[in-house]
Amino acid sequence: MAKENRQQIEMNKEKGDSPKKGPKFNIYWIYAIIGIVLFSAQFMRFSPDRTTINEQDFMNNMLAKGDVEKIDIIKNKDRIRVYIKLDSLSKDYYVAKFKKDLSKDKAKLKGVPLFEFEVTDLKSFKDDLKEVYAANPQIAKVPENPGTDPDFFGPILNTIISLALIVGVWVLFMRKMGSGGPGGGGAGGIFNIGKSKATLFDKGAKVNITFADVAGLDEAKVEVMEIVDFLKNPKKYTSLGGKIPKGALLVGPPGTGKTLLAKAMAGEAQVPFFSLSGSDFVEMFVGVGASRVRDLFKQAREKAPCIIFIDEIDAIGRARGRNAIMSNDERENTLNQLLVEMDGFGGDTGIIILAATNRPDVLDTALLRPGRFDRQISIDKPDVKGREAILKVHLQPIKVSETLDLHKLAEQTPGFAGADIANVCNEAALIAARKGKEAVDMSDFQDAIDRVIGGLEKKNKIIAPHEKAIIAYHEAGHAICGWFLEHAYPLLKVTIVPRGTAALGYAQYTPTEQYLYNTDQLIDQICMTLGGRAAEQIFFGKISTGASNDLQQITRIAYSMVTAYGMNSKVGNVSFYDPTQENTFTKPYSEETGKIIDEEVRGIIEKAYVRTIELLTEKKHEVEVLAKELLDKEVLHKSDVELLIGKRPFEEKKLLEIEPESIVIPGAENNSHTETPSTES
Numbered sequence: 038m039a040k041e042n043r044q045q046i047e048m049n050k051e052k053g054d055s056p057k058k059g060p061k062f063n064i065y066w067i068y069a070i071i072g073i074v075l076f077s078a079q080f081m082r083f084s085p086d087r088t089t090i091n092e093q094d095f096m097n098n099m100l101a102k103g104d105v106e107k108i109d110i111i112k113n114k115d116r117i118r119v120y121i122k123l124d125s126l127s128k129d130y131y132v133a134k135f136k137k138d139l140s141k142d143k144a145k146l147k148g149v150p151l152f153e154f155e156v157t158d159l160k161s162f163k164d165d166l167k168e169v170y171a172a173n174p175q176i177a178k179v180p181e182n183p184g185t186d187p188d189f190f191g192p193i194l195n196t197i198i199s200l201a202l203i204v205g206v207w208v209l210f211m212r213k214m215g216s217g218g219p220g221g222g223g224a225g226g227i228f229n230i231g232k233s234k235a236t237l238f239d240k241g242a243k244v245n246i247t248f249a250d251v252a253g254l255d256e257a258k259v260e261v262m263e264i265v266d267f268l269k270n271p272k273k274y275t276s277l278g279g280k281i282p283k284g285a286l287l288v289g290p291p292g293t294g295k296t297l298l299a300k301a302m303a304g305e306a307q308v309p310f311f312s313l314s315g316s317d318f319v320e321m322f323v324g325v326g327a328s329r330v331r332d333l334f335k336q337a338r339e340k341a342p343c344i345i346f347i348d349e350i351d352a353i354g355r356a357r358g359r360n361a362i363m364s365n366d367e368r369e370n371t372l373n374q375l376l377v378e379m380d381g382f383g384g385d386t387g388i389i390i391l392a393a394t395n396r397p398d399v400l401d402t403a404l405l406r407p408g409r410f411d412r413q414i415s416i417d418k419p420d421v422k423g424r425e426a427i428l429k430v431h432l433q434p435i436k437v438s439e440t441l442d443l444h445k446l447a448e449q450t451p452g453f454a455g456a457d458i459a460n461v462c463n464e465a466a467l468i469a470a471r472k473g474k475e476a477v478d479m480s481d482f483q484d485a486i487d488r489v490i491g492g493l494e495k496k497n498k499i500i501a502p503h504e505k506a507i508i509a510y511h512e513a514g515h516a517i518c519g520w521f522l523e524h525a526y527p528l529l530k531v532t533i534v535p536r537g538t539a540a541l542g543y544a545q546y547t548p549t550e551q552y553l554y555n556t557d558q559l560i561d562q563i564c565m566t567l568g569g570r571a572a573e574q575i576f577f578g579k580i581s582t583g584a585s586n587d588l589q590q591i592t593r594i595a596y597s598m599v600t601a602y603g604m605n606s607k608v609g610n611v612s613f614y615d616p617t618q619e620n621t622f623t624k625p626y627s628e629e630t631g632k633i634i635d636e637e638v639r640g641i642i643e644k645a646y647v648r649t650i651e652l653l654t655e656k657k658h659e660v661e662v663l664a665k666e667l668l669d670k671e672v673l674h675k676s677d678v679e680l681l682i683g684k685r686p687f688e689e690k691k692l693l694e695i696e697p698e699s700i701v702i703p704g705a706e707n708n709s710h711t712e713t714p715s716t717e718s
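Mapping the sequence shown onto the numbering used here, position 674 (from 1) lands on 711, and the numbers just tick up by one.
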């Protein structure tokens, strides 16, 4: 019979019909209640029936009026307790004190002190009594009863209660942190603090995101879909002797869709899906992180085959022992437990770990080795085709104009991640609604791109005429350099409309989709960036603070050329770029080499500046035409520039299609350029 009952319970659990459990009450609740009562008794003072007054009130309003029957002098506490004549309680003074007439309850109040007060010195108090008696000869002296309050058992009781509370809480805490006891919770620890915080998406759970909502990540989707297939059809892969991968790491810049891909997997996979972030393991108590890791994998084994997704795993997966000053034993203990759990279960359990991070360089090497994270799925910023596919997904709920060119819009958003494109689409819809349009057109999207790149347009910002002229010539210098330099990016738009907190104008370009840059291209980029400062020098004879952002960009490019890419003959074909940032406090080169690096960087920038000055001096007329038109219209597009100074002399050259995986330059991501607004003062 018992066996049948157990079978019935198991069947109910599988169906999800487990009986409802009421609240759990155990002996620890009684301990808690007793502790609260004792704690309250220790620190709370129960107010007595006596009313506290001051000495002057007693002398003038009670004793001098002849209302006092007797007083008790408590010597060990310097307190005076006052007994009032019962016939005097009907006076207005006492009715006001007690807010009622106590003379009706004479039987209850007989022999009860109704007032008390403290005195600083008993001798001085008795001298004050004599003065009152002398000033009021009609009143009789009241009896004085000396006494003491018991003061021996109180301190002992307080000490015992305090020690009992400390010992009781310590025993309770230790038992709860251990394996349990009544209501201990096993691995959960005290108040379930050691239990995993993972969100479980079980079979049949409704997740609205599917792979159809993920665009521009075709290769990553194939890898992720294959992981799901591993769990559904394991024999398909193990029949040839292969092993199911234990983990996959999603790596990519912020906003590229790592978490979105994991959400889509939760929506598509017909297996239990545990989702949590790396910070969910972190807690102020020692040992909690490791306990949560154990509990997570315990739940996963019960639900296998399943998937565990850890977002932002770098919160607990940072390399151990890299920096002794910043080391954290609790975080390292959590990482050690994770490493053991990932490689500690059998290959047939069917648990796959999926994690996401945008900082793979800081992760511990033991975490990245095969057997733990067998695969690293790279999710980069989308190219033109990827951006066009992402636009199609985000434009589905938006009413767009029939004339909208998605391909052209994708070309105008180079360097945008999926989150940026989603933001542009939403901003465009809001801008169109603000203008009262029935559909979103290309102009709304261009305004949205401007807002995302440069910030909110500051229409009410008052700029002095001479400052506006400096801004116009500065941006015209950028535009002319980009127009007449072969390897500069094609100009898309130039504006002097203030945006954001500091950008008073900027020139927007359309960078070509490429992965490699040669020396000529980088030098042209530096010259184009220096165009604003050079124009100020030529036309005004002095420079302003408006080129601060430009100087930051060219300094980064020049130092990368010398120290990372080996593009300098004096320094040579060496690279001091350290992606792991292990040498935080020491430089990997000598002081002499450092001087050479600084000299060469300054030489590159100085040569580029001289070249820019020469170019803008030669094209001085074009700069003036463009600057005056900017002062008049404030915004110029590529077509406007063509009408003013003619077409760009260089035809757009198509770069050879090179697979990005075939040639990799360390730190090449530092070389990517986006449309950063130049800062004007």
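Backbone N, C-alpha and C fix where the C-beta goes; we use that ideal spot for every residue, glycine too.
Predicted, not measured: the structure shown is a model, and the values here were computed from it.
**Study point:** Reference L467, options P451, V208, I458 and A485, closest by Cα
**Key:** The residue labelled residue 467 in the question sits at position 430 within the sequence shown. The candidate whose alpha carbon is nearest that of L467 is A485.
Point to revise | DSSP state of R685 mapped onto helix, strand, coil | key: In the sequence shown, counting from the first residue as 1, residue 685 sits at position 648. Here R685 sits in coil by DSSP.
Check your understanding: Would A337 pass as a contact of I388 if the rule is Cβ separation under 7 Å?
Key -> Within the sequence shown, numbered from 1, the residue matching residue 337 stands at position 300. Within the sequence shown, numbered from 1, the residue matching residue 388 stands at position 351. Yes, the Cβ-Cβ distance between A337 and I388 is below 7 Å.
Point to revise | DSSP-derived helix/strand/coil call for L100 | key: Along the sequence shown, one-based indexing puts residue 100 at 63. It is helical.
**Study point:** Exposed unless 16 or more other CB atoms sit within 10 angstroms - verdict on H742
**Key:** Since the first residue of the chain shown is 38 and the last is 718, residue 742 is not available in this structure.
Review point. Expressed to the nearest angstrom, what Euclidean distance is found between the alpha-carbon atoms of S438 and A476?
Key: For this step, residue 438 is matched to residue 401 along the sequence shown. For this step, residue 476 is matched to residue 439 along the sequence shown. Each residue's alpha carbon lies about 5 Å from the other.
Point to revise | Within 7 Å, strictly: CB atoms of P282 and D411 | key: Within the sequence shown, the letter at position 245 stands for residue 282. Within the sequence shown, the letter at position 374 stands for residue 411. Their beta carbons are under 7 Å apart, which means P282 touches D411 by this criterion.
Point to revise | Test item: CB-CB of I560 and I533 under 7 Å | key: Position 523 of the sequence shown, counting from 1, holds the residue named residue 560. Position 496 of the sequence shown, counting from 1, holds the residue named residue 533. Contact: no.
Exercise for review: Go through its chain and collect everything with a Cβ distance to F334's Cβ below 6 Å, but skip five positions before and after it.
Suggested key: Here the question's residue 334 lines up with position 297 in the sequence shown. So the qualifying residues of the chain are E378.
Point to revise | Endpoints, the beta strand (DSSP E) within which T649 is located | key: Numbered from its first residue, the sequence shown carries residue 649 at position 612. For T649, there is no enclosing beta strand (DSSP E); the residue is found in the alpha helix (DSSP H) stretching over E628 to E655.
Exercise for review: Output the boundary residues of the alpha helix (DSSP H) element that contains V421.
Suggested key: On the sequence shown, position 384 is the one that residue 421 refers to. It spans V421 to H431 - the alpha helix (DSSP H) in which V421 sits, taken as one unbroken run.
Practice item. Starting from the Cα of F152, find the closest Cα among R87, D158 and S125 and give me that residue. Key: Start at 1 with the first residue of the sequence shown, and residue 152 comes out as number 115. The shortest C-alpha separation from F152 is found at R87.
Check your understanding: Comparing alpha-carbon positions, which option in M302, A172 and D557 lies nearest N605?
Key -> As a working note, residue 605 is residue 568 in the sequence shown. Checking every option, the nearest Cα to that of N605 belongs to D557.
Practice item. Let me know the secondary structure DSSP gives K141 once reduced to three states. Key: Numbered from 1 along the sequence shown, position 104 holds the residue referred to as residue 141. Assignment of K141 by DSSP, reduced to helix, strand and coil, places it in the helix class.
Exercise for review: Within the region 296 to 359, note down every full beta strand (DSSP E) run reaching 3 residues or more, in order along the chain.
Suggested key: 310 to 314 and 343 to 348
Review point. Under three-state DSSP, which class holds H658?
Key: Counted from its first residue, the sequence shown places residue 658 at position 621. Correct three-state label for H658: helix.
Check your understanding: From D351, Y596, L443 and A571, pick the residue whose C-alpha is nearest to that of G631; which is it?
Key -> Numbered from its first residue, the sequence shown carries residue 631 at position 594. Minimum Cα distance to G631 is reached at Y596.
Practice item. Output the boundary residues of the beta strand (DSSP E) element that contains T371. Key: By 1-based counting over the sequence shown, the position of residue 371 is 334. No beta strand (DSSP E) contains T371, which is instead part of the alpha helix (DSSP H) from D366 to M379.
Review point. Quick one: what's got a C-beta closer than 6 Å to D478's C-beta in the same chain, skipping five residues either side?
Key: The sequence position of residue 478 within the sequence shown is 441, counting from 1. Excluding sequence neighbours, D478 sits near S438.
Practice item. Let me know if K530 comes out buried or exposed under the rule of 16 or more other beta-carbons within 10 Å of its beta-carbon. Key: For this step, residue 530 is matched to residue 493 along the sequence shown. Buried.
Check your understanding: What number of angstroms, rounded off, separates the C-alpha of R396 from the C-alpha of E349?
Key -> Numbered from 1 along the sequence shown, position 359 holds the residue referred to as residue 396. Numbered from 1 along the sequence shown, position 312 holds the residue referred to as residue 349. Roughly 9 Å between the two C-alpha positions.
Review point. Does the Cβ-Cβ distance between D104 and K122 come in under 7 Å?
Key: If you number the sequence shown from 1, residue 104 lands on position 67. If you number the sequence shown from 1, residue 122 lands on position 85. Yes.
Review point. What is the residue span of the alpha helix (DSSP H) that H674 lies within?
Key: As a working mapping, residue 674 is identified with position 637 in the sequence shown. Looking at the DSSP string, H674 is not in any alpha helix (DSSP H); the run it does join, the beta strand (DSSP E), is V672 to H674.
Check your understanding: Is Y510 buried or exposed, if buried means 16 or more other CB atoms sit within 10 Å of its CB?
Key -> Taking the first residue of the sequence shown as position 1, residue 510 is located at position 473. Classification of Y510: buried, given that the 10 Å Cβ count is 16 or more.
Review point. So, do the region 411 to 427 and the region 299 to 309 have three or more beta carbon pairs nearer to each other than 8 Å?
Key: No, the region 411 to 427 does not touch the region 299 to 309.
Point to revise | Assigned exposure category for Y526 - 16 Cβ within 10 Å defines buried | key: Working through the sequence shown from its first residue, we reach residue 526 at position 489. Under this definition Y526 is a buried residue.
**Study point:** Cα-Cα separation, D138 to N173
**Key:** Stepping through the sequence shown from its first residue, residue 138 is reached at position 101. Stepping through the sequence shown from its first residue, residue 173 is reached at position 136. When rounded, the distance between both Cα atoms is 27 Å.
Check your understanding: For the candidate residues A513, K141, Y131 and P150, whose alpha-carbon lies nearest to that of Q545?
Key -> The count along the sequence shown starts at 1 and reaches residue 545 at position 508. When only C-alpha atoms are compared, the closest one is A513.
Point to revise | Own chain, CB closer than 7 Å to V119, minus 5 neighbours either side, in chain order | key: On the sequence shown, position 82 is the one that residue 119 refers to. Around V119: F95, M99, V105, I108, P150, L151, F152 and E153.
Review point. Between which two residues does the beta strand (DSSP E) harbouring Q413 extend?
Key: Numbered from 1 along the sequence shown, position 376 holds the residue referred to as residue 413. Unbroken beta strand (DSSP E) run through Q413: R412 to S415.
Exercise for review: Decide if the region 340 to 357 is in contact with the region 291 to 302; the criterion is three or more beta carbon pairs, one per stretch, under 8 Å apart.
Suggested key: yes
**Study point:** Opposing strand residues paired with N182 [DSSP bridges]
**Key:** Translated into positions along the sequence shown, residue 182 becomes position 145. DSSP output for N182 lists D109 as bridge partner(s).
Check your understanding: Taking the alpha-carbon positions, what's the E448 to L441 distance?
Key -> Position 411 of the sequence shown, counted from the start, is the residue given in the question as residue 448. Position 404 of the sequence shown, counted from the start, is the residue given in the question as residue 441. Cα to Cα, E448 sits roughly 13 Å from L441.
Practice item. Within the same chain, show all residues whose beta-carbon is closer than 7 Å to that of G292, passing over the 5 residues directly before and after it, in chain order. Key: As a position in the sequence shown, residue 292 is number 255, starting the count at 1. The residues are A454, G455, A456 and D457.
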